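Data block below; observations after.
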Ligand SMILES: Cc1ncc(COP(=O)(O)O)c(C=O)c1O
């Protein structure tokens, strides 16, 4: 592959000359992109809630600097990231569990807290489905509770449906980008019985700016049944690298760890995550660029007569007023990929907020498709 012919020194020179983005981002540019990739086809990919700006240049450099450590197990990097995350979240190191993406954390929660021994999974409908599949595969009953009319979790109904087991609260929620207000969530956590575990998935935490939104991490110290998950896939632009984590009390982390593969987070992802946290611009830049492109998109859709669910994430969902499946296909024919069907909302389209130019392509294609 072409990469091999570039020496590490040459690579470092190119990086310091400011060519990091061109050379390393996206990673596929180091070699020939696979035939199906967005890079090779000019596809506008607004289907997976990724961050099109990628990780911090510091993270890209940290990864190239770590090439020589590829032969080592990642223990030390693991410890450094845990230390950083513990400080960031004001908790002990033994209250952090890293995962191969937050997807691994969700899977560990399903395996540890649901199933024939532990009980059912209660989740909203619609929500991010991964943990529903994990719980079913673990032999658990899965109970879906519809979102309220304003797209919040129906927490009293979810609590009533659970007896032991696990309640999954995705906040902001995927696919609706809506939030469940902090007061309702706090009240629900306070009322939940000790033997019912609660997982609050805060994958989109950094994009939420409503005064009604708050992280539940500070509540972990008082609630042994609370787990809060986060990811480096969204604002930190590391979806392809795979790194996430959760915060919970020590005993909960220990129970989950028993189900985890050793060394599940790779050394490049750890190096990138640590460096991302060291870049003070990564989060505010991502927030600003996303909110600008989001405002333009929502405004244009509004002018066309399409109402968007109030979005607190890096994606939007709006009512197309007709079945979305043929529209998704027609958009794809115009090389714009949007989110999949969520059966509970068959007329709603989920669209990731990409760069402004990508949102222009989306709006043009959408106008053509709806004409
Ligand atoms: C709500 C939510 N949680 C978790 C994930 C999994 O993310 P990752 O495994 O990349 O951290 C996603 C991915 O899109 C998501 O939308």
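Residue numbers (our numbering): 53 to 423. Where a beta carbon is used, it is the ideal one built from N, C-alpha and C, also for glycine. In this text the structure is predicted, and so the values were computed from the model without any measurement.
### Query
Ordered along the chain, which non-local residues of its own chain (more than five positions away) have a Cβ less than 8 Å from that of residue 177?
Here residue 177 has 196, 197, 198, 199, 396 as same chain residues with Cβ atoms under 8 Å from its own Cβ, once five neighbours each way along the sequence are excluded.
### Task
Keeping to the same chain, check which residues put their C-beta closer than 6 Å to that of residue 419; ignore five residues upstream and five downstream.
Closer than 6 Å at Cβ, skipping near neighbours: no residue.
### Query
Who pairs with residue 151 in a beta bridge, going by DSSP?
In the DSSP output, where bridge partners are listed per residue, residue 151 has 296.
### Task
Go through its chain and collect everything with a Cβ distance to residue 254's Cβ below 7 Å, but skip five positions before and after it.
The residues are 223, 267, 280, 281, 282.
#### Entry: For residue 342 and residue 414, the rounded distance between their alpha carbons
When rounded, the distance between both Cα atoms is 15 Å.
### Exposed unless 16 or more other CB atoms sit within 10 angstroms - verdict on residue 128
With fewer than 16 other Cβ atoms within 10 Å, it is exposed.
### Query
Where does residue 89 fall in DSSP's three states?
Because residue 89 carries a pLDDT of 49, less than 50, the predicted location of this residue cannot be relied on, and the following value inherits that uncertainty. If DSSP states are grouped into helix, strand and coil, residue 89 belongs with coil.
### Query
What is the DSSP secondary structure of residue 66, counted as helix, strand or coil?
The predicted model places residue 66 with a pLDDT of 37, which falls under 50 and marks its position as unreliable, so this point remains unresolved.
### Message
What does the alpha-carbon distance come out to for the pair residue 154 and residue 326?
### Response
Here the alpha carbons of residue 326 and residue 154 stand approximately 16 Å from one another.
### Task
Buried or exposed for residue 409, please, with buried defined as at least 16 other CB atoms from any protein chain shown within 10 angstroms of its CB.
By the Cβ neighbour-count rule, residue 409 is exposed, with fewer than 16 other Cβ atoms within 10 Å of its own.
### Message
Is it buried or exposed, residue 161, if we count other Cβ atoms within 10 angstroms and call 16 or more buried?
### Response
Result: buried.
### Task
For residue 213, collect the residues of the same chain with a Cβ closer than 7 Å to its Cβ; drop the 5 residues on either side in sequence, then sort them by chain order.
Same-chain partners within the cutoff: 174, 195, 197.
### Query
Alpha carbon to alpha carbon, what distance is there between residue 276 and residue 300?
The alpha-carbon separation between residue 300 and residue 276 amounts to approximately 7 Å.
### Query
So which of 184, 303, 246, 285 has the shortest CA-CA distance to residue 430?
Lying before the first or after the last residue shown, residue 430 is absent from the chain, which here runs from 53 to 423.
### Task
Leaving out five residues on either side along the sequence, give the residues of the same chain with a beta carbon under 6 Å from the beta carbon of residue 426.
Here the chain covers residues 53 to 423 and nothing more, so residue 426 does not appear.
### Message
Using a 10 Å radius around the Cβ and a threshold of 16 neighbouring Cβ atoms, would you call residue 163 buried or exposed?
### Response
Flag for residue 163 reads buried.
### Task
Taking 8 Å as the threshold, find out whether the region 304-324 comes into contact with the region 137-152 through three or more Cβ pairs.
They touch, by the three-pair rule.
### Query
Is residue 376 near residue 393, with beta carbons less than 8 Å apart?
For residue 376 and residue 393, yes; Cβs fall inside 8 Å.
### Query
Using a Cβ-Cβ cut-off of 6 Å (strictly less than) and excluding sequence neighbours within five positions of residue 3, which residues of its own chain qualify?
Nothing can be reported for residue 3, as the shown portion of the chain is limited to 53 through 423.
### Query
Excluding the five sequence neighbours on either side, which residues of its own chain have a C-beta within less than 8 Å of the C-beta of residue 432, listed in chain order?
Since the first residue of the chain shown is 53 and the last is 423, residue 432 is not available in this structure.
### Message
Does residue 176 come out as helix, strand or coil in the three-state DSSP assignment?
### Response
Note: residue 176 maps to strand in three-state DSSP.
### Query
Between the beta-carbon of residue 134 and the beta-carbon of residue 124, is there less than 8 Å?
Taking 8 Å as the cut-off, the Cβ atoms of residue 134 and residue 124 do not count as close.
### Query
Under three-state DSSP, which class holds residue 281?
If DSSP states are grouped into helix, strand and coil, residue 281 belongs with the strands.
### Query
Can you give the Cα-Cα distance for residue 211 and residue 247, rounded to whole angstroms?
The alpha-carbon of residue 211 is positioned some 12 Å away from that of residue 247.
### Distance CB(residue 230)-CB(residue 204) smaller than 8 Å
Judged by their CB atoms, residue 230 and residue 204 are nearer to each other than the 8 Å cut-off.
### Task
Enumerate in chain order the residues of its own chain whose CB-to-CB distance from residue 245 is below 6 Å, with the five nearest sequence positions on each side excluded.
Closer than 6 Å at Cβ, skipping near neighbours: no residue.
### Task
Measuring alpha carbon to alpha carbon, tell me which of 168, 261, 132 ends up nearest residue 190.
Per the Cα distances, 168.
### Query
Apart from the five residues just before and just after residue 329, which ones in its own chain have a Cβ nearer than 6 Å to its Cβ?
Closer than 6 Å at Cβ, skipping near neighbours: 136.
### Query
Would residue 89 be called buried (16 or more neighbouring beta carbons within 10 Å of its own) or exposed?
Note that residue 89 has pLDDT 49, beneath the 50 cutoff, so the model's placement of it is unreliable and the number below is only indicative. Under a 10 Å Cβ-count criterion, residue 89 is classified as exposed, with fewer than 16 other Cβ atoms of the shown protein chains found around its own Cβ.
### Query
What is the C-beta distance between residue 286 and residue 258, in whole angstroms, given that I count them as a contact (C-beta under 8 Å)?
Between residue 286 and residue 258 a beta carbon distance of about 7 Å is seen, short of the 8 Å cut, so the two are scored as contacting.
### Message
Using a Cβ-Cβ cutoff of less than 6 Å, which residues in the same chain neighbour residue 386 once the five nearest sequence positions on both sides are dropped?
### Response
Excluding sequence neighbours, residue 386 sits near 417.
### Query
residue 222: beta carbon under 7 Å from a heavy atom of ligand 1?
Yes, Cβ of residue 222 sits closer than 7 Å to a heavy atom of ligand 1.
### Task
Identify every residue that forms a DSSP beta bridge with residue 369.
Per DSSP, 402.
### Query
Tell me, which residues are paired with residue 389 by DSSP?
Bridge pairing for residue 389: 97 [DSSP].
### Task
State the DSSP-derived secondary structure class of residue 219, mapped to helix, strand or coil.
DSSP, reduced to helix, strand and coil, places residue 219 within a strand of the structure shown.
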